[in-house]
Amino acid sequence: MSAPTNPEVKELNPVDFIQLQQYIEYCSLKVKDVLREFDKDGRLARHRHGECINEEGFRHFLKAYLEVEDFPSDLCQRLFCSFQNSKPTQEESTKEVFLKDVSCYFSLLEDGQPMDKLEFAFRLYDRDGNGVLDSSEVDRIIAQMMHAAEYLDWDVSELEPVLKDMMTAIDADSSGTVSLKEWVEGGMNNVPLLVLLGLKMTQKDGQHLWRMKNFNKPVYCNVCQSMLLGIRKQGLCCTCCKYTVHGRCANKNPAPCTKTYVKSKKETGVPTHDWVSGNCDSRKCDRCQKKIKSFQGLTGKHCVWCHIMCHDDCAHQEPTECTCGPLRDHILPPWAIYPVIKERSNNVKNGGSSVTDDTNLNITPDGQVLQISPVPNTHPLLVFVNPKSGGKQGER
Numbered sequence: 001m002s003a004p005t006n007p008e009v010k011e012l013n014p015v016d017f018i019q020l021q022q023y024i025e026y027c028s029l030k031v032k033d034v035l036r037e038f039d040k041d042g043r044l045a046r047h048r049h050g051e052c053i054n055e056e057g058f059r060h061f062l063k064a065y066l067e068v069e070d071f072p073s074d075l076c077q078r079l080f081c082s083f084q085n086s087k088p089t090q091e092e093s094t095k096e097v098f099l100k101d102v103s104c105y106f107s108l109l110e111d112g113q114p115m116d117k118l119e120f121a122f123r124l125y126d127r128d129g130n131g132v133l134d135s136s137e138v139d140r141i142i143a144q145m146m147h148a149a150e151y152l153d154w155d156v157s158e159l160e161p162v163l164k165d166m167m168t169a170i171d172a173d174s175s176g177t178v179s180l181k182e183w184v185e186g187g188m189n190n191v192p193l194l195v196l197l198g199l200k201m202t203q204k205d206g207q208h209l210w211r212m213k214n215f216n217k218p219v220y221c222n223v224c225q226s227m228l229l230g231i232r233k234q235g236l237c238c239t240c241c242k243y244t245v246h247g248r249c250a251n252k253n254p255a256p257c258t259k260t261y262v263k264s265k266k267e268t269g270v271p272t273h274d275w276v277s278g279n280c281d282s283r284k285c286d287r288c289q290k291k292i293k294s295f296q297g298l299t300g301k302h303c304v305w306c307h308i309m310c311h312d313d314c315a316h317q318e319p320t321e322c323t324c325g326p327l328r329d330h331i332l333p334p335w336a337i338y339p340v341i342k343e344r345s346n347n348v349k350n351g352g353s354s355v356t357d358d359t360n361l362n363i364t365p366d367g368q369v370l371q372i373s374p375v376p377n378t379h380p381l382l383v384f385v386n387p388k389s390g391g392k393q394g395e396r
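Each residue of the sequence shown is one higher than the one before, counting from 1 in full-length UniProt numbering.
So this is what it looks like as structure tokens:
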């Protein structure tokens with residue numbers, strides 16, 4: 001039987017949104033596939049009544065879709081109630097929700113773009129439904145963001161003023177309220193907000209892959225070159241190149257991340273270092289073998305590909321050719337990958353066949369077709385990581 005819905009269940013909050021994002025990140029199933037189980041010959045058909053499903057059916061849907069047996073019951077109830085509230089004409093006693101609402105909501109979380117998810121978050125915060133966020137709702141956002149940050153294990157000791165400045169900046173016309181347009185446009189250009197909401201933008205070449213990180217030693221921002229302050233020295237660090245910034249500086253056009261492919265075929269086979277400045281304090285310089293000392297600022301450089309570290313002056317004396325370090329045999333460097341979209345289109349235009357079969361194309365988000373030309377005598381290794389290995393359920 002369906003467990004009774006707790007009348008004191010609270011409404012959905014940003015932490016719930018983040019938790020769902022984290023669960024869905026590791027899903028191997030699609031919403032549409034699981035919903036087929038509610039068809040008349042499906043194993044969950046008994047929980048469907050017309051276009052609706054009951055609470056027990058909703059609970060089974062979550063377990064099947066998210067592939068977990070221990071999904072938090074309180075979160076399940078808040079989700080179920082949120083779908084009931086979306087249909088005010090529906091009687092509470094029916095304890096059913098529309099299947100199409102469930103489908104739309106989870107499909108958005110599964111495949112939706114950051115812009116769509118920001119719009120969803122706006123609806124979540126706009127409690128009175130008047131289409132704008134007033135001062136009380138903005139204050140509530142800041143309080144909820146602080147709560148979400150604590151859930152993500154952020155250092156919140158200095159976060160509140162940063163969030164207030166962030167929300168003030170989003171109010172582009174200084175009207176005292178934030179419209180949906182301001183929220184979406186401001187949010188799309190606000191890295192800390194996207195990170196805090198657990199949203200991931202479409203990855204483009206040269207775009208940083210940010211994560212929040214706490215450091216146990218002095219670290220300097222690659223943008224403003226000031227030290228990261230606070231007890232836990234918290235900042236945004238790029239997973240790929242280790243470029244590190246204050247949350248507020250992530251929006252100030254930081255230097256791009258390391259490139260993953262060269263821009264033309266003539267650049268292939270030309271191995272070059274990709275240097276990132278700073279945060280090499282107390283490490284040994286790979287050229288002169290002396291310690292890299294900090295002088296209250298960005299110190300030294302490290303190469304993203306071969307991982308050597310050098311003093312700034314020594315980096316200029318280092319040969320431009322990058323060896324890719326001790327793991328070179330397993331690395332596919334950017335100078336082994338190049339775009340062939342123009343060659344492909346010209347070839348097809350002249351009546352020839354395409355460069356490669358359409359089913360095997362390596363296509364970038366902006367539509368470029370990539371060709372791989374491996375470095376001779378190397379054996380690039382593709383590594384798959386199973387976040388659920390050992391029953392630990394990854395970072396969930």
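Where a beta carbon is used, it is the ideal one built from N, C-alpha and C, also for glycine.
Collapsed DSSP secondary structure at residue i in the structure displayed
| i | result |
| --- | --- |
| Tyr65 | helix |
| Pro88 | Reliability of the predicted coordinates at Pro88 is poor, the pLDDT of 44 falling under 50, and the value obtained from them is presented with this limitation in mind. It is coil, neither helix nor strand. |
| Asn13 | coil |
| His307 | coil |
| Leu370 | strand |
| Asn377 | coil |
| Trp335 | helix |
| Ser294 | coil |
| Leu382 | coil |
| Phe106 | helix |
| Leu180 | helix |
| Gln317 | helix |
| Asn346 | Low confidence applies here, because Asn346 scores a pLDDT of 49, under 50, leaving its location unreliable; read the following figure in that light. If DSSP states are grouped into helix, strand and coil, Asn346 belongs with the helices. |
| Gly187 | helix |
| Gln234 | strand |
| His330 | helix |
Assumed close pair residue i, residue j - CB separation to whole angstroms, cut-off 8 Å
| i | j | result |
| --- | --- | --- |
| Leu301 | Trp275 | For the record, residue 301 in the displayed sequence is Lys; it is not Leu. Contact flag correct, Cβ pair sits at about 4 Å. |
| Glu318 | Arg287 | 6 Å |
| Tyr23 | Leu79 | Their Cβ separation, rounded to whole angstroms, is 11 Å, which puts Tyr23 and Leu79 out of contact at 8 Å. |
| Asn222 | Gly278 | 6 Å |
| Trp335 | Pro271 | 6 Å |
| Asn214 | Lys233 | 6 Å |
Exposure label - residue i; buried when at least 16 CB within 10 Å
| i | result |
| --- | --- |
| His208 | buried |
| Gly57 | buried |
| Ile363 | exposed |
| Glu182 | buried |
| Thr239 | exposed |
| Pro14 | buried |
| Gln371 | buried |
| Leu327 | exposed |
| Asp165 | exposed |
| Ala315 | buried |
| His330 | exposed |
| Thr299 | buried |
| Leu29 | exposed |
| residue 397 | Examination of residue 397 is not possible in this model, given that the chain is present from 1 through 396 alone. |
| Arg127 | exposed |
| Phe295 | exposed |
Pairwise C-alpha distance: residue j and residue i
| i | j | result |
| --- | --- | --- |
| Phe120 | Met146 | 19 Å |
| Leu193 | Asn216 | 24 Å |
| Lys100 | Leu196 | 28 Å |
| Ile337 | Asp33 | 36 Å |
| Met212 | Tyr26 | 20 Å |
| Lys122 | Leu180 | For the record, residue 122 in the displayed sequence is Phe; it is not Lys. Taking the straight line joining both Cα atoms gives about 7 Å. |
| Ser82 | Cys52 | 14 Å |
| Phe384 | Cys280 | 30 Å |
| Cys249 | His60 | 44 Å |
| Lys204 | Cys306 | 23 Å |
| Glu69 | Val31 | 17 Å |
| Gln144 | Asn130 | 20 Å |
| Leu382 | Val375 | 15 Å |
| Trp154 | Cys310 | 32 Å |
| Asp313 | Ile292 | 11 Å |
| Pro380 | Gly112 | 33 Å |
| Glu96 | Arg36 | 18 Å |
| Pro333 | Lys266 | 15 Å |
| Leu236 | Arg46 | 48 Å |
| Gly186 | Ile170 | 5 Å |
| Leu229 | Leu159 | 11 Å |
| Lys263 | His273 | 16 Å |
| Gly367 | Gln77 | 42 Å |
| Gln225 | Cys257 | 17 Å |
| Ala149 | Gly50 | 41 Å |
| Thr168 | Gly206 | 29 Å |
Cutoff 8 Å: residue i Cβ touching any chain C Cβ
| i | result |
| --- | --- |
| Ser179 | Reference to chain C is not applicable here, since this structure consists of a single protein chain. |
Residue i beta carbon near the ligand FAD (any heavy atom closer than 7 Å)
| i | result |
| --- | --- |
| Lys63 | Of the ligands one can find in the structure shown there are none, so the ligand FAD has no counterpart to examine. |
Any contact of the stretch 242–257 with the stretch 320–330, i.e. 3+ C-beta pairs under 8 Å?
The stretch 242–257 vs the stretch 320–330: no contact.
Within 8 Å, do at least three Cβ pairs link the stretch 172–182 to the stretch 119–138?
Three or more beta-carbon pairs separated by less than 8 Å link the stretch 119–138 to the stretch 172–182, which places the two stretches in contact.
Would the stretch 29–41 and the stretch 116–131 be scored as touching if the rule is three or more Cβ pairs under 8 Å?
No contact exists between the stretch 29–41 and the stretch 116–131.
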